[in-house]
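Read through the structure below, which is laid out as structure tokens, and then see the notes.
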Amino acid sequence: MKTHIISTGGTIEGLDYENLNQKQTNTVAIEDILSNAKITSAYSIDKILNKDSRFINDDDRELIAKTINSSDSDKILLTHGTVTMAETAKFLGRLKIKKTIVLTGAFVLGTKKNSDAPFNLGFALSALQFLEPGVYIAMNGTVFNWDNVRKNNQHNRFETI
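Just so it is clear: in the sequence shown, position 96 is 96 by full-length UniProt numbering, and no numbers are missing.
Structure follows, in structure tokens:
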């Protein structure tokens, strides 16, 4: 079955939110990262938002859930900014959607040489193939359940609660 990738913006796509007064445009595409990694499994990509996750609200989360529910795929990869990724995972987890949903993103801009974006994207795609239905965050080599994760802003990482 084809994986459905849903993109919402964020650092993984090279969006730099340090200067919020400047208009942001994507500088790297998820499709480019996957192509460079020579991904051969079937996938489709839909970009539904282009937001810094600090500004993702429950209306946006409803749109994400609607997009997931209307997808023909049972495997959903959601790219999302890290600031509110755990909140979106909790929102989706409470809905008990009968699909496997993995959220991932990046701490370092997707355009930077030392970005974690390519690894996180590949790791999340791989994890998606083996996980049971539910909602997860896959970041930096670790998979977290939606109801047992938080972002540690001091150390800039996700961790188990």
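No residue lacks a Cβ here, since even glycine has one placed at the ideal position from N, Cα and C.
Per DSSP, cross-strand counterpart(s) of residue i
i: His4; result: Ser44 and Ile76
i: Arg54; result: None, per the DSSP bridge assignment.
i: residue 162; result: Outside the displayed span of the chain (1 to 161) sits residue 162, for which this structure offers no information.
i: Glu159; result: Arg150
i: Asn120; result: In DSSP, Asn120 forms no bridge with anything.
i: Phe144; result: Ile137
Distance between beta carbons of residue j and residue i, contact taken as under 8 Å
i: His80; j: Gly10; result: 6 Å
i: Thr82; j: Gly110; result: Thr82 to Gly110, Cβ: 12 Å. No contact.
i: Gly122; j: Ala29; result: With 8 Å as the limit, Gly122 and Ala29 do not qualify as a contact, their Cβ atoms being about 15 Å apart.
i: Asn50; j: Phe107; result: Not confirmed; about 19 Å, so no contact.
i: Leu77; j: Ala124; result: 6 Å
i: Arg54; j: Thr88; result: Wrong, their Cβ atoms sit about 12 Å apart, outside the cutoff.
i: Lys112; j: Asp147; result: Their Cβ separation, rounded to whole angstroms, is 32 Å, which puts Lys112 and Asp147 out of contact at 8 Å.
i: Leu95; j: Ala65; result: 6 Å
i: Met1; j: Ser115; result: Not a contact, Cβ separation roughly 29 Å.
Nearest candidate by alpha-carbon position, reference residue i, set the options
i: Ser7; options: Lys90, Ile39, Ile101 and Met1; result: Ile101
i: Asn140; options: Met1, Phe119 and Arg54; result: Phe119
i: Ile97; options: Thr67, Phe144 and Ser115; result: Thr67
i: Asn57; options: Glu31, Ala86, Asn69 and Ser73; result: Ala86
i: Thr40; options: Ser73, Thr3, Ser70 and Asn69; result: Thr3
i: Gly93; options: Asp72, Phe144 and Ser71; result: Phe144
Residue burial classification, residue i (beta-carbon count within 10 angstroms, cutoff 16)
i: Lys151; result: buried
i: Lys75; result: buried
i: Ile33; result: buried
i: Ile5; result: buried
i: Lys12; result: The identity of residue 12 in the sequence shown is Ile, whereas the question assumes Lys. Classification of Ile12: buried, given that the 10 Å Cβ count is 16 or more.
i: Ile161; result: exposed
i: Ser70; result: exposed
i: Ser35; result: exposed
i: Asp52; result: buried
Check whether the segment 36-46 touches the segment 130-139, taking contact to mean three or more Cβ pairs, one atom from each stretch, closer than 8 Å.
They do not touch, by the three-pair rule.
Is the segment 115-134 touching the segment 52-65, taking contact as three or more C-beta pairs under 8 Å?
The answer is no - the segment 52-65 does not touch the segment 115-134, with fewer than three Cβ pairs under 8 Å.
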